[in-house]
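Let me begin by presenting the structure, written as structure tokens, before commenting on it.
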Amino acid sequence: YQERRDEENRFILMNLCHESIRNPQAKKVAIKLINNGHLGEVGWKCSVCEAIQGSLNN
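Heads up, the sequence shown is in my numbering, so the first residue is -6 and it goes up one at a time.
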């Protein structure tokens, strides 16, 4: 069950990340998920997520 949830989180995050390029609201949600540890939980990375995380760290 946990695996399926991770897969769903991954999918949601992926869509949010790519959407966030065009949509600031989606970026806020993605950042919230990242801050809540969901990115680490699913162990998923993409260049957009890394860019979002980079902008968090600066």
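For each residue, glycine too, the CB sits at the ideal point set by N, CA and C.
Cβ-heavy atom distance, residue i to the ligand FAD, below 7 angstroms
i: Glu12; result: Absent from the structure shown: the ligand FAD. Ligands present: none.
Extent of the continuous alpha helix (DSSP H) to which residue i belongs
i: Asn16; result: Run containing Asn16: none; DSSP gives neither H nor E here.
Residue i versus residue j - alpha carbon distance
i: Leu6; j: Asn28; result: 12 angstroms
i: Asn16; j: Asn2; result: 19 angstroms
i: Ser13; j: Asp(-1); result: 20 angstroms
i: Lys21; j: His11; result: 13 angstroms
Cβ pair residue i, residue j closer than 8 angstroms
i: Ala19; j: Leu26; result: no
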